[in-house]
Structures are given as structure tokens and as C-alpha cells.
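Going by this note's numbering, the sequence shown opens with residue 21, and the numbers climb by one from there.
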Amino acid sequence: MSEEPVLYARMQGGVLEVASDRLTLRSPSGRLVAVEDHVRTLFAKVPEIRLMTVDEAPWILSHHILTAPFRRAA
């Protein structure tokens with residue numbers, strides 16, 4: 021498993037859809053953090069967020085990269 025998660029996102033109406041290759045990430049302190057919690061913190065003003073694995077995501081999500089690596093957006 022690489023250190024940085026791969027995340028993709030798109031807006032569908034008022035819904036932010038986020039797909040990730042994993043469900044947790046490691047904080048700088050070494051603690052495991054749920055990707056969903058981190059995304060909800062970053063995008064607190066978005067009324068609805070749907071988080072899914074890359075395997076569950078519609079194929080189109082692979083064309084909408086959010087950031088790589090994700091921790092740089094924090």
C-alpha cells in the first residue's frame with residue numbers, strides 16, 4: 021500500500037461524490053483517520069457527501085482527480 025491515498029471527486033448537483041482507494045489514512049502523528057471524516061472536515065459546507073471505494077465508484081469518477089497526494093489539501 022502506498023503512503024498517499026488516491027482520491028477522485030465530482031459534484032453531482034449539490035452532492036460531492038468522492039472515491040478513494042482506501043478507507044483510512046495515516047495522520048502525521050501516525051494515527052489512523054477515516055477518509056470520510058477527513059473529507060467531511062475539508063468540505064463542511066457541502067450539504068451531502070457520498071464516499072465510496074474506487075471499486076464501487078462509477079467509471080467516470082476516475083477522470084476527476086481531487087488532489088494527489090490528498091494530505092497536501094489539508
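Think of the CB as a built atom: it goes at the ideal place given N, C-alpha and C, for glycine as much as any other residue.
Computed from a predicted structure; not experimentally measured.
Query: Straight-line gap, valine 38 to alanine 29 (C-alpha atoms, nearest Å); Result: 4 Å
Query: Unbroken alpha helix (DSSP H) run spanning leucine 43, endpoints; Result: Run containing leucine 43: none; DSSP gives neither H nor E here.
Query: Cβ neighbours of methionine 72 in the same chain (closer than 6 Å, five flanking residues each side left out); Result: Ala39
Query: Glutamate 68: first and last residue of the uninterrupted alpha helix (DSSP H) it sits in; Result: No alpha helix (DSSP H) holds glutamate 68; the beta strand (DSSP E) holding it covers 68–73.
Query: Buried or exposed (CB count within 10 angstroms, at least 16 for buried), leucine 52; Result: exposed
Query: Residues of its chain near threonine 44, where Cβ-Cβ distance is below 8 Å and the 5 sequence neighbours each way are ignored; Result: Leu52, Val53, Ala54 and Val55
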